[in-house]
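Residue 873 in the working numbering sits at position 36 of the sequence shown, with consecutive numbering throughout.
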Amino acid sequence: MALDSKIPKGPLADKWTNHKNEINLVNPANKRLIDVIVVGTGLAGGSAAATLAELGYNVKAFCFQDSPRRAHSIAAQGGINAAKNYQGDGDSTYRLFYDTVKGGDYRSREANVHRLAEVSTNIIDQCVAQGVPFARDYGGLLDNRSFGGVLVSRTFYAKGQTGQQLLLGAYSAMNRQIGRGKIKMFTRHEMLDVVIVDGKARGIIARNLVTGEIERHSAHAVVLGTGGYGNAFYLSTYAMGSNVTAVWKAHKRGAYFANPCYTQIHPTCIPVSGDHQSKLTLMSESLRNDGRIWVPKHKKDVEAIRDGSLKPTQLAEEDRDYYLERRYPAFGNLVPRDVASRAAKERCDEGYGVNKTGEAVYLDFASAFMRYGKEQAHVKGLDENDEALVKKLGQEIVRNKYGNLFQMYEKIVDQNPYETPMMIYPAVHYTMGGVWVDYNLMTTVPGLYCIGEANFSDHGANRLGASALMQGLADGYFVLPYTIGDYLADDIRTGPISTETKEFDEAEKSATDIINKLVNNDGTHSVDYFHKKLGKIMWNKCGMARNEKDLKEAIEEIAELRAEFWKDVKIPGKADAYNEELAKAGRVADFLELGELFAKDALVREESAGGHFREEYQTAEGEAMRRKEFQFVSAWEYKGEPKDAVLHKEDLVYENIEVKERSYK
838 MALDSKIPKG PLADKWTNHK NEINLVNPAN KRLIDVIVVG TGLAGGSAAA
888 TLAELGYNVK AFCFQDSPRR AHSIAAQGGI NAAKNYQGDG DSTYRLFYDT
938 VKGGDYRSRE ANVHRLAEVS TNIIDQCVAQ GVPFARDYGG LLDNRSFGGV
988 LVSRTFYAKG QTGQQLLLGA YSAMNRQIGR GKIKMFTRHE MLDVVIVDGK
1038 ARGIIARNLV TGEIERHSAH AVVLGTGGYG NAFYLSTYAM GSNVTAVWKA
1088 HKRGAYFANP CYTQIHPTCI PVSGDHQSKL TLMSESLRND GRIWVPKHKK
1138 DVEAIRDGSL KPTQLAEEDR DYYLERRYPA FGNLVPRDVA SRAAKERCDE
1188 GYGVNKTGEA VYLDFASAFM RYGKEQAHVK GLDENDEALV KKLGQEIVRN
1238 KYGNLFQMYE KIVDQNPYET PMMIYPAVHY TMGGVWVDYN LMTTVPGLYC
1288 IGEANFSDHG ANRLGASALM QGLADGYFVL PYTIGDYLAD DIRTGPISTE
1338 TKEFDEAEKS ATDIINKLVN NDGTHSVDYF HKKLGKIMWN KCGMARNEKD
1388 LKEAIEEIAE LRAEFWKDVK IPGKADAYNE ELAKAGRVAD FLELGELFAK
1438 DALVREESAG GHFREEYQTA EGEAMRRKEF QFVSAWEYKG EPKDAVLHKE
1488 DLVYENIEVK ERSYK
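Rendered as structure tokens:
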């Protein structure tokens, strides 16, 4: 199958405008004749469902949570990017586009990214109109802060709750349409398969997680906005329910996968404390605006800190290694996430990790307390030399900016971050890979769309901070509602799609057979037993550092683990009732298939990109190049011509249903 990205011709900056002017539209009177299924109600799915319903389409929305408000989008705390240049510091649509492509190690699709930068400004206006309480400066204007990998302040935020507030905005828009009857909401429903009729996506098979009932739902188009698959690593910053099932089932029905091994490693997560943990907690990247990252310079101090004989606050300034500021003076602590993550891992691998496991570095706010405190003391005419007073005033400023994050850290770690530095370490946070989509966000299956984190298009090998919310809302509010009409214009005379067809029969039988096999399996080990084993293989052999030997071993080990899973997993309870262990088992079964593809993808990528390095290709010359990575020109500038290929050379795409037979295209 030849891939057609459908990228419009013409200058990059004109593509989206010209495309909107030329694509087919659906008459408002005809939209009421068309049904659309939206799976997932996070920022991408929720905004898409609300907007499509507002336009007049009949929407069925599905989520496995008990409310759309539970979507994992609420965990994106730090902010959302937009090129409004409110700070007057030189930002522009082009600079946001450039930073995004550059931050993705030049592996993003440029046309999609430029469109993302263009519509970013509309997102802020939309959300303000919905009542999202963005932070404002003293004069009442919307405030901004910086995130990693950029030299401007373009991140809009609502304290440390940005994702939650944006999701509430999308949720309120959805509720309005639910009240009008234009959205039919199916909570506690999990999609188990896509139904393909005459080569087009015409519905889904879903399981009611409360009753266990298998249901058929039809539509003229299906939209997947189901987020990322980072829980394949078991320990990650994702919600425990986040999974790959929807997009993996779509993949097994013919939707190509692209860049599956590109994983965002976030540098500011609370470190692992032991095998008892089921997930990791993210400390927002916004903290790197004011926190300074360091480790001791001398290993004797590291050992003293680990055994408790020395407190980090007792270590003299000259004995601290602020390694990001030392290595990358232009960006300092606000280097991109992949750079900060690699640097933290390198310091800890060299023996400078500060917790008992040796896998933690410090994020210290002492300097910020004093800086803000002196400013406040000066403004209030107080004694700037009174250290206790200055520190107290500074802590109050930091509390107003990040208070909920500091409180969360203290509850989890049982240490007061106002009195001692936070400890952080890299962890799996986001997946840049996903379902391949064209410029219209359609997959290789006609009528099947994929939006937000679930697709591959916008972030290349690494995502800039505060761009996840931007992509989700851009796709849902401002891109898909235009592009889906180009496809649906041919369906205005189709009429309702019947669920009483052999295609729905076969899809339902396939889903039911898998459920029955799981429930009737007389195994001895829990689902978590297999999930944890998969996670250790993924992190140890497919994580930040990769090499050919480990990746080949991982492929074999995952295949063996998958075979063991189907022989020896034990699922208590019944299929036709509420059964969370059964739901979890289905998701882990899909992770076990995805994991093999993930490792195969990593194996054939011999370059270091994003948060991953291929160890056997690291040389002194290669490291010197990595140190200069912020001086690279963009790929199309370097070659002297636009680079609008369907996929870059490195962007491998996969097809076929059987994992063991999957080929590289």
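Backbone N, C-alpha and C fix where the C-beta goes; we use that ideal spot for every residue, glycine too.
For residue i and residue j, what's the separation of their Cα atoms in angstroms?
i: residue 1264; j: residue 1182; result: 10 angstroms
i: residue 1421; j: residue 1141; result: 43 angstroms
i: residue 1360; j: residue 1041; result: 30 angstroms
i: residue 1417; j: residue 1027; result: 11 angstroms
i: residue 1243; j: residue 1384; result: 38 angstroms
i: residue 1288; j: residue 1368; result: 27 angstroms
i: residue 1436; j: residue 1258; result: 36 angstroms
i: residue 1312; j: residue 1424; result: 26 angstroms
i: residue 1216; j: residue 1126; result: 22 angstroms
i: residue 1403; j: residue 1051; result: 22 angstroms
i: residue 1452; j: residue 1012; result: 50 angstroms
i: residue 966; j: residue 979; result: 13 angstroms
i: residue 1300; j: residue 1408; result: 37 angstroms
i: residue 1406; j: residue 1400; result: 10 angstroms
i: residue 1178; j: residue 1261; result: 10 angstroms
i: residue 1321; j: residue 1277; result: 7 angstroms
i: residue 853; j: residue 1225; result: 55 angstroms
i: residue 992; j: residue 1171; result: 13 angstroms
i: residue 1307; j: residue 1106; result: 21 angstroms
i: residue 931; j: residue 1167; result: 21 angstroms
i: residue 949; j: residue 957; result: 12 angstroms
i: residue 1426; j: residue 1044; result: 16 angstroms
i: residue 1150; j: residue 917; result: 33 angstroms
i: residue 868; j: residue 1268; result: 34 angstroms
i: residue 1093; j: residue 1272; result: 6 angstroms
i: residue 1485; j: residue 1223; result: For residue 1485, the pLDDT reaches just 38, beneath the cut-off of 50, and the residue's location in the model is therefore unreliable, leaving the point undetermined.
Considering residue i, what are the terminal residues of the alpha helix (DSSP H) in which it resides?
i: residue 892; result: 880-892
i: residue 1196; result: Residue 1196 -> no alpha helix (DSSP H), and no H or E assigned at all.
i: residue 1356; result: 1339-1357
i: residue 934; result: 930-940
i: residue 1213; result: 1203-1217
i: residue 1084; result: 1082-1089
i: residue 1053; result: No alpha helix (DSSP H) contains residue 1053, which is instead part of the beta strand (DSSP E) from 1051-1055.
i: residue 858; result: 852-859
i: residue 1424; result: 1417-1441
i: residue 1102; result: Premise fails: residue 1102 lies in the beta strand (DSSP E), 1100-1106, not in any alpha helix (DSSP H).
i: residue 921; result: Premise fails: residue 921 is in no alpha helix (DSSP H) and is neither H nor E.
i: residue 1325; result: 1317-1325
Compare the C-alpha of residue i against each of the options and name the closest.
i: residue 976; options: 1032, 924 and 1196; result: 924
i: residue 1138; options: 1096, 1192, 1216 and 1126; result: 1192
i: residue 1185; options: 1232, 1151 and 1131; result: 1131
i: residue 878; options: 1440, 1001 and 1018; result: 1001
i: residue 1275; options: 1316, 1452 and 1254; result: 1316
i: residue 1292; options: 1055, 1169, 874 and 1066; result: 1066
i: residue 1018; options: 1115, 895, 1429 and 1046; result: 895
i: residue 964; options: 1375, 1167 and 919; result: 919
i: residue 1235; options: 1222, 1434 and 1210; result: 1210
i: residue 1163; options: 901, 1355, 1134 and 1196; result: 1134
i: residue 1117; options: 1128, 1102, 1221 and 1124; result: 1102
i: residue 1286; options: 874, 855 and 861; result: 874
i: residue 1031; options: 1095, 1087 and 1060; result: 1087
i: residue 1059; options: 1366, 897, 905 and 1124; result: 897
Check whether the Cβ atoms of residue i and residue j sit closer than 8 angstroms, and answer yes or no.
i: residue 1390; j: residue 1373; result: no
i: residue 881; j: residue 1309; result: yes
i: residue 1038; j: residue 1283; result: yes
i: residue 909; j: residue 1079; result: yes
i: residue 946; j: residue 1304; result: no
i: residue 1099; j: residue 1298; result: yes
i: residue 1371; j: residue 1069; result: yes
i: residue 1046; j: residue 1025; result: yes
i: residue 912; j: residue 1076; result: yes
i: residue 1072; j: residue 1114; result: yes
i: residue 1091; j: residue 1338; result: no
From what residue to what residue does the beta strand (DSSP E) around residue i run?
i: residue 951; result: Run containing residue 951: none in the beta strand (DSSP E); it sits in the alpha helix (DSSP H), 947-967.
i: residue 1361; result: Careful: residue 1361 lies outside any beta strand (DSSP E) and carries neither H nor E.
i: residue 1286; result: 1285-1287
Complete beta strand (DSSP E) runs within the segment 1249-1278 (minimum length 3 residues, chain order): 1259-1268
In chain order, each beta strand (DSSP E) run of at least 3 residues that lies wholly inside the segment 1114-1200: The beta strand (DSSP E) runs of length 3 or more contained entirely in the segment 1114-1200 are, from start to end of the chain, 1129-1133.
Sequence ranges, beta strand (DSSP E) only - wholly within the segment 1373-1413, length at least 3: none
Ordered list of alpha helix (DSSP H) runs contained in the segment 956-1029, each at least 4 residues: 999-1017
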